[in-house]
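Worksheet: the structure to be examined is printed underneath.
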Amino acid sequence: MKITTYLLLLFFLFSCNTSTDEILQNEKKCYITKFNPVIIKVTGQELFTSEYIYDSNNNIIKKLDFSIVESGSSPGNPLPIPIYTTELKTTTTIIFNSNNLPFQIIQEPDLYNEQITENLSYINGRLNSKEIITTNLNYNLSSKMKYDYSYDSNNKITSVTGKHYDAFDTLDLTENQIIIYDLNGNLSSVTKSTINGNNYTTKTILEYSNYDTFKNPFKDIQVPFEDYIFIRFSKNNYTKYSKKYYVNDILQSQETKSFTYNYNENNYPIIAAFKCN
């Protein structure tokens, strides 16, 4: 029996038991392999719901996402205590160009036969724009979101403009994002505003604070997945997060979360699996 709860990504943090940059630089370089852990309360199992697959050059060439399913039980033969395992849900393939830069991120079609393809373009090796195309393969209709990025002198993204076009190539949504970093170079806030053709506006404010002094393994991650596109600029790991959501300037919802992390001998969190060189 499949669990119907979809799991939030924990893409947060990691690092070590030392506080000096000199020691950190001497440590092994580790790459995330499995992440987004979910703990099953009934059994105490911890299962990872996402995984990166690397090639021999440590390029991320696939991202796997999993559902959690109950294993070994049936309506006529239920287990006293269920056992859970993972089942592959989605495979995303990353294609690199001749400069060893990812230029396409292709997600396989979902249950509704919709496929998402991201086309990336660069200027002097730096991500300049991204086009996210969602195609309904049943009807051969596509919508797209086009993002353009601006940077500061430290090569960190500070603003994003986005335009969404429907299946008839009509502009129906405009989006702007402002990204702010703290004095240590860690991500501090992301403010995203949208407006559609009917002047319906939304605003989402994400704030990140109380950073630890340890390494963020998502830093400089090679593939600019949407989930990590700004977090990858942070040196350290936030332990507090807040979100506010507005519609037409009226607050609709807000939340605040705090996190505590444990670290392994390589100064990475034990909430993820790694391979280290």
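According to mature numbering (1 follows the signal peptide of the UniProt record, and there is no 0), the sequence shown holds residues -20 to -1, 1 to 257 in order.
Don't be surprised by glycine CBs; every beta carbon is placed ideally from N, CA and C.
For T219, no beta strand (DSSP E) encloses it, and the DSSP letter there is neither H nor E. CA-to-CA, the gap between I96 and I103 works out to about 24 Å. Where G142 is concerned, the enclosing beta strand (DSSP E) starts and stops at 137 to 145. Judged by their CB atoms, C10 and N217 are not nearer to each other than the 7 Å cut-off. When the five nearest sequence neighbours on each side are left out, the beta carbons in the same chain lying within less than 7 Å of the beta carbon of I12 are those of Y32, P197, A252, F254, in order along the chain. In this structure, the CA atom of P17 is about 27 Å from the CA atom of G165. DSSP places E94 in the strand class (E or B) of the three-state scheme.
DSSP, reduced to helix, strand and coil, places I20 outside both helices and strands of the structure shown, so it counts as coil. Scanning its chain for C-beta atoms nearer than 7 Å, with the 5 sequence neighbours on each side dropped, one finds around L68 the residues L44, F46, in chain order. For F194, there is no enclosing beta strand (DSSP E), as DSSP marks it with neither H nor E. Shown here, D128 sits in a strand according to DSSP, grouped into three states. Between Y243 and Y221, the gap from beta carbon to beta carbon reaches 7 Å or more.
The criterion of a C-beta distance shorter than 7 Å is not satisfied by V170 and F205. Between D192 and T154 a beta carbon distance of about 36 Å is seen, past the 8 Å cut, so the two are scored as non-contacting. Under DSSP, K110 shares a beta bridge with L100, Y127.
If you look at F46, you'll find it in the beta strand (DSSP E) that goes 40 to 51. Counting only the Cα atoms, T182 lies some 40 Å from S78.
Our two residues, N120 and I113, have alpha carbons roughly 12 Å apart in a direct line. Within the DSSP bridge table, the entry for L153 names H144, N176 as partners.
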